[in-house]
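These notes concern the structure reproduced below.
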Amino acid sequence: MKKSWIYDCLWLVTLAVILVALRFYIFSPIKVQGESMMPNLIDGEKAIALKVGDIERFDIVPLKAPDDPSLYYVKRVIGLPGDTISYKDDMLYVNEKPLKEDYLNQYKQDWQNAGNIEPLTPDFTLEEMTGQATVPANTYFVLGDNRQVSKDSRVKEVGFIPEKNIIGKAKVSFWPPSQWGKIE
Numbered sequence: 001m002k003k004s005w006i007y008d009c010l011w012l013v014t015l016a017v018i019l020v021a022l023r024f025y026i027f028s029p030i031k032v033q034g035e036s037m038m039p040n041l042i043d044g045e046k047a048i049a050l051k052v053g054d055i056e057r058f059d060i061v062p063l064k065a066p067d068d069p070s071l072y073y074v075k076r077v078i079g080l081p082g083d084t085i086s087y088k089d090d091m092l093y094v095n096e097k098p099l100k101e102d103y104l105n106q107y108k109q110d111w112q113n114a115g116n117i118e119p120l121t122p123d124f125t126l127e128e129m130t131g132q133a134t135v136p137a138n139t140y141f142v143l144g145d146n147r148q149v150s151k152d153s154r155v156k157e158v159g160f161i162p163e164k165n166i167i168g169k170a171k172v173s174f175w176p177p178s179q180w181g182k183i184e
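Here the sequence shown is numbered in UniProt numbering, starting from 1 and rising by one per residue.
Structure below.
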């Protein structure tokens, strides 16, 4: 009987250590705060971010806010180190090549149907916004999907996001139930 109790305690401690290690090294729960990622992520949405793997263009990432380290933002990676970025007529150009942002298609259509004549993403170049022609080494250029209200890399106080500020890649939404599923 005594061995069984000791075995059970060791098993529970081992399980607890594994779960804590997973939480700190593999994944992190996140909560979307605000409307900057609408309509793809809603205010109050909860998700899981993986802390492993390389950051790629269009990944949604939770990050420590450069302008207030007590906060974190959730944004979409647009520019990787060494990239040039520009928008012209609501089209993203990376290194002077147009890239489709399929995740914005419905939002752009709704934006136009609502009678808006200006583009969802106003024209700009990276150099106009930041004073730099390319995204610096070990940093990223991020935008919110709700381009009209997002506080992102276009804003001087936020700017380029150091790699160390990125917590992980948002992968799965689990709350509210209507939003459950893979994040893209």
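Glycine residues also receive a C-beta, built at the ideal position from the N, C-alpha and C atoms. As the structure is a prediction and not an experimental result, all values here were calculated from the model.
Distance from the CA atom of leucine 12 to the CA atom of tryptophan 5, rounded to whole angstroms, is 11 Å. Two segments are said to touch when three or more pairs of C-beta atoms, one from each, lie closer than 8 Å; by this definition the segment 132-140 touches the segment 71-82. Judged by their CB atoms, alanine 47 and valine 61 are not nearer to each other than the 9 Å cut-off.
The alpha helix (DSSP H) runs lying completely inside the segment 58-131 and spanning 4 residues or more are 105-113, 126-130, given in chain order. Annotation for tyrosine 107: Pro39 place their beta carbon closer than 6 Å to its own, counting only its chain and skipping 5 residues before and after. Burial state of tyrosine 140 is buried, judged by a 10 Å Cβ sphere holding 16 or more other Cβ atoms. In this structure, DSSP gives valine 32 a state outside helix and strand, which the three-state scheme calls coil.
For isoleucine 48, the uninterrupted beta strand (DSSP E) segment begins and ends at 46-50.
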